[in-house]
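See below for the structure under consideration.
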Amino acid sequence: MIHIARTLLFLLILLIPMFCKAADASATVRRIGISDGLSGDRIFSLTQDCDGFIWAVSYWGVDRFDGRIVKTYHPTHNGEIIKHFLYHTKIHSYQDKVILGEQNGLIFEYNPKLDDFEEIADVRKLTGENDLILKDFCLIGNGIYFATNYGLYCFNCGNLQMVSQRADISAIGHDGKNHIYYVADRKLIYLNGDRTLIIAELGDVARFIHSARSKMYIGTNDSGLFIYDLSTQKLTQSNARFHKCHLTAVANGNEGELLIGTDGAGCYVYDMTNDRIIESYSESMGSMPVGNAVMDVLLDRDSNIWVATFNGALSMIHHDNSRFSALMANNRIPGFGNSFLQSKNGVLWIASDNGVLMYNPELSEWKHYLKDRPEKSIIVSLAEDSGGNIWAAGFGSGIYRISNEGTISHFTTKLPLCGRVLDSDYVAVVIIDGDNLWAGSYSDGKLMRFNLKDKSSDVYDVPDVHSLTVMDSYTVICGQSVQFTVLNPLTKDTIVIKNNVSITDIKSISDKVWLATAGNGLMTYDPVCHKLSVISLFNDNDEFKYIMALCHSPVDSCVYFTTYKQLYKYSYINDTVIGIGELMGLPPATYNERAIELMQSGNLLLGASNGVTDVDINMELLACSKPHIYFTEFKVAYNVISPDDNSSILSGSLNTTDIIRLSHNHNSFSIAFSMVDYGASRLTKLQYMLKGFDKEWIDATDYDANYTNVPSGRYIFKLRLCDKNTGAVISERCLEISIAKPIWATWWMIIIYTVLFGFIVFLGVKLLKGKLRQRYSDEKMKLFTEMAHELRTPVALIKAPLMELADNKDLTDEDKATLGIAIKNTDRLHELTTQLMDFQKLDAKAMILNLSTVNLLDFFAQRISPWEYRAKRKGLVFCTDINSLRNVFTSIDCPKMDAIISNILSNAVKYTSRGTIEVNAKIDDGYYSITIKDTGIGIPANEQRQLFKQFFRAKNARMSNESGSGIGLMLTHRLIELHGGSISISSKENAGTLVKLKFPIVNGDVDCCENMDYISPALNDQTILVVDDNSDMREILRKTLESNYNVIVAKDGNEAMVMAVNEMPDIIVSDLMMPGLTGEELCRKLKNDMATSHIPFILLTAVSDRETKANAFDCGADDYMTKPFDNKELKARIRIHLRHSNKLKESLQSPDGSTEDADFINPLDKEFMDKLTAIINLNIENSDYSVMSLSSDMAMSRSSLYNKLKAIAGQSPNDFIRLQRLKRAADLLKQRRYTIMEIAIMTGFSDTKYFATIFKKQFGVTPSSYAKGK
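Numbering-wise (this note's numbering), the sequence shown opens with residue 900 and increments by one.
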């Protein structure tokens, strides 16, 4: 059918002007195509939804257009996108629904929350007709009626029902009262419930059925338009002739009109009242081209016409209700609109460069005065007197008066007015004030006043007056080129106010003078205080600096003014300016000075280079419907958030979302928005504000709002559309945004912070008090310990003479007993001072444990025994049961453990006057415990918590006769903790006390001291000979030392003598008292033997008297220790002696070392090394001198020599000989008297190369470099 229409196109173009009028000149056509975002140029169907969006179905998709943005939707069926839509696909809107009917029977509904289409029915599947074609549908109530090639179906609430006979239905419609009409087999059929009624025979295929004005309009392929009158039930054919064009689409137009689309001739506007075509839009229109193959038409709610074409995309025809019009005379007149005046009778007078034109609006009649006069009447100003006469000021032609009858009078410098000629023919302005006519002249012409009633006149010395206003009888304001003058007409006094810019217009408004200037913009002058002010609102825009004309509108309290380009409105009440000319679409022009007039109708007349324009400033600018604003996109950190991206931010469409919840790290976001706008954007403006964050509204220039680092909290994002002219809010949208607080700023964390802060303050106060108490206690302890330290020296000075006296064998037994008491108490005093100093060390955490491995049974039996004796002397029963400690070995600090036991037992004996004391021991799971129970005075319950505080003594203890310092239990408690143990006390006053001590069993030599010296694993290359007749002691010593050394043992002195010679140990540890050869005798023999004299010897003994110690050292012992000894101390002493032996070896091996410098403990060792070195030096030139020769000279066997030298110097005899030769060579090289070869021979090296090699190996440099001192 399309190709038929195209064949008739040429004829149609010729015929159209014969039966329709030309398109409205105020209309504009906008074409929207693929370049604007449409999915395709082939458009099948159109609709407008309740929000104002235009929906268009193209071959490639469904498009939604808001006037600026196109969004394309691709509905899916069975999970697959529908790639193409066919010819009969329709889209309709009803109330708030948008329904899409696809040609193959798929029905979709737009879901605003998902911002997508959802499939609601598959007609083919429901009917079982696989070749069913959906041609159209209509929406009535909750039902959808489908016109198909198999008949009419109704879909309601998920159910599909056939409501007609099986037939090919080509069109469907309804009358607005839920009555269905459709065309099948070229018959118009009426559906009433379940019954159908054939109304008329059409004789042609119908393409649409449309209801309007109680009539049904049916468009056909070839028979034009049919009209069925619902009231008369008669079918008639329209008189409008469409010249065999297929009628394809219909829509309501403006009042009384229909829009009819054709396949070949474009779009027609049909007048239903007169049954005729009144307007057309097609490709032949030129200025408003619209495609001819129309598929659908639509009139939106702003009266824009939308035309969908088969290949021409989408066209929008916009009819602008013009708010201004050009005022034209019959002939084009130069300078038309220099000035305006509307007389009292409503007649309009217009000044031009060729006289004055009068326009009578009632008669629509023009008259031209002063036309083509010889003096070239260039009129620049007009005024009307009380008699209705018009006065016109001429540039170069003086002043004219046009009477009511039309007679003209002329006044010049030669023709007088009121008895006085004009001061200049170049009159710039005339005004009427009562009976006075004021005239200002250009250049040197002075200001003149003519009284038209009494015919008097006057001249004022105010030249070059371009504009003029009379405030009152005392004040006249005269605008001049670069100043203005305030004139008192009565006194002729003037005040000249310099302005340095030209004044183009002056108006008196209220009690102020408003000045339009060419350079300073709009200014005001207060004639009372003579203050000139610039309206600063315009300072930022250069255009506002050049004001051409102004007038006052008292109705809206505004000043209208023109610049050299445009018209503006200034509200001096709100101090706001609006570009009203731009809002109205007024084209830019060069406006004339003083060429503005407020008419009686409220319109403005503007004079410009392009003529006179009548502007309706009272018409509502925003006459269209309220534009819909909506949200389009939400971004977080520049990432677009959508409902289907598995985020928890959006669960549906942004535009239907009321609140957005964000986490604290999503506090940088942007919101995009838009508006449905088909031509109103120049009249409106979008503003937004994030309430709670922004302090004022922000103009939206880019249709989005961006926010960064928004603090946590609840905000309201507000978007509003405002009228640029009035500032009124047209529509507004809100979106709540909630940004969660970080976990550290939540209310419950604040509570935790508060509690913690309070707890910290509490601890701080408590610690401060504790520090103050501790400081006071420390000061007391410091005093005591300093006193104890000072007492130690006097005690030592007392003890020393007493010990000397005790050595005197001449003392009597009584003297010895007395002296023993003195020594015993001296020792006690020494012990007390030591205890005080130990307490200070504990308090400063400076005391360390000196551990030794002990047999617990032996240790505690020995420590308990003295207290058992004291208890029995006091008459107490003392019971012990510590046999469970048998064969239990552990590491403890013996003196400190002694202090622990002694302090507890001392208190038990001291504060028990009668009864029993029990001491029990127990082993349990790696721990051993000591329990001490007494039947003494006990401890009050309310004071037991303070037992371990320093200087504390219970009240009943203080009341007793026993002395005490109050530091014993505190010292005991800390010593127990130092051992890793615990103490618990349970007591009842006057019933007794139970003390339980618990300690861990530490196997082997456990180091509990943080400062214990590290023993190098390299020491296990050294051998220790342990000599003791007690097998248990030998085993303990072996286990103690074997982790670091090679340990060999001997059970007596004889065996040890043999092993010392054969094994040559690095050190010997021996018991003193042994059967046979004693330790003292063993030491003497080994030290006097040249072969073993170098071996360090340590004696162990249970005897600690001075005489025994002295004898031990006399026999040659290197060290002496008393049993029970501390394992750690034994190891430390062994290390010291071995370290000394190593230092001796290093000294002898040093290139610079000699026997003279070496530190020998035993004189025999020094004698041996001196003799050895002397023999080697004597034979140093003999290269054949060997170890055998040296052994012979030393009178020792080769093995004995080797062992002895290895033990002392750490070298073999051969290495030692070579070292002596190299030392001698180094001395000779320093002298620089011999060559290297000579020195090699002199030191017993026959091979010079070998000499150089071993020399470099020993000294790190070659002999030659050594000689040079390098």
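The beta-carbon is built from N, C-alpha and C at its ideal position, and this holds for glycine as well.
Counting only residues of its own chain and dropping the five nearest sequence neighbours on each side, Thr-1830 has a CB closer than 6 Å to the CB of Asn-1819, Lys-1895.
The segment 1650-1667 and the segment 1616-1635 do not touch, with fewer than 3 CB-CB distances between them shorter than 8 Å. By DSSP's assignment, Pro-1362 forms a beta bridge with Lys-1345. Under the three-state reduction of DSSP output, Lys-1950 falls in the coil class, being neither helix nor strand. The three-state secondary structure of Trp-1413, taken from DSSP, is strand. A contact between stretches requires three or more CB pairs, one per stretch, nearer than 8 Å, and the segment 989-1004 meets this requirement with the segment 1026-1038.
Leu-945 sits in a strand when the DSSP states are folded into three classes.
Assignment of Cys-1793 by DSSP, reduced to helix, strand and coil, places it in the helix class.
Distances from the alpha-carbon of Asn-2081 to those of Met-2093, Ile-2138, Ala-2125, Ala-2031 put Ile-2138 closest.
A straight line joining the alpha-carbon of Trp-1265 with that of Ala-1250 spans about 13 Å. Residue burial annotation: Asn-2102 is buried, with at least 16 other C-beta atoms found within 10 angstroms of its C-beta. Bounds of the alpha helix (DSSP H) holding Leu-2127 are 2112-2130. Proximity to Thr-1047 across Asn-1055, His-987, Pro-1839 peaks at His-987, based on C-alpha coordinates.
Val-1433 is the residue among Gly-1484, Val-1433, Asn-1253, Asn-1010 whose C-alpha sits nearest the C-alpha of Val-1412.
Of all C-beta pairs linking the segment 1778-1791 to the segment 1833-1848, fewer than three are shorter than 8 Å, placing the two stretches out of contact. In the DSSP secondary-structure assignment, His-1109 is bridged to Tyr-1116. The beta carbon of Ser-1202 sits closer than 7 Å to the beta carbons of Asn-1153, His-1218 from its chain, once the five residues preceding and following it are set aside; these are given in chain order. The residue from Gln-1499, Ser-1508, Pro-1526, His-1527 with its alpha-carbon nearest to that of Asn-1517 is Gln-1499. As far as DSSP is concerned, Gly-1835 takes part in no beta bridge.
Looking from the CA of Asn-1399, the closest CA among Pro-1526, Val-1427, Leu-1346, Gln-1379 belongs to Gln-1379.
Going by DSSP, Cys-1982 is part of no beta strand (DSSP E) but of the alpha helix (DSSP H) stretching over 1978-1987. According to the DSSP assignment, Ser-1630 belongs to the beta strand (DSSP E) that extends over 1628-1638.
In the three-state scheme derived from DSSP, where H, G and I count as helix and E and B as strand, Phe-1383 is classed as strand. Assignment of Gly-1160 by DSSP, reduced to helix, strand and coil, places it in the strand class. Secondary-structure assignment with DSSP links His-1217 through a beta bridge to Thr-927. Put simply, the backbone Cα of Ile-1108 is about 17 Å away from that of Ala-1139. If you check the CB distance, Thr-1779 and Val-1753 do not come in under 8 Å.
Per DSSP, Met-1972 lies in no beta strand (DSSP E) segment and is marked neither H nor E.
Looking at the backbone, the Cα of Leu-2128 and that of Leu-2100 are separated by about 31 Å. Per the DSSP secondary-structure output, Glu-1008 pairs in a beta bridge with Ile-998, Glu-1017. Counting the other CB atoms within 10 Å of its CB gives Cys-949 a total below 16, which places it among the exposed residues. At the C-beta level, Gly-1050 and Met-1061 come within 8 Å of one another. C-alpha of Val-1454 to C-alpha of Thr-1625: approximately 14 Å in a straight line. In terms of Cβ geometry, Ile-1477 and Leu-1449 do not form a close pair [threshold 8 Å].
A contact is defined here as three or more CB-CB pairs under 8 Å, and the segment 969-983 fails this definition with respect to the segment 1588-1601. Under the three-state reduction of DSSP, Leu-1682 is assigned to helix.
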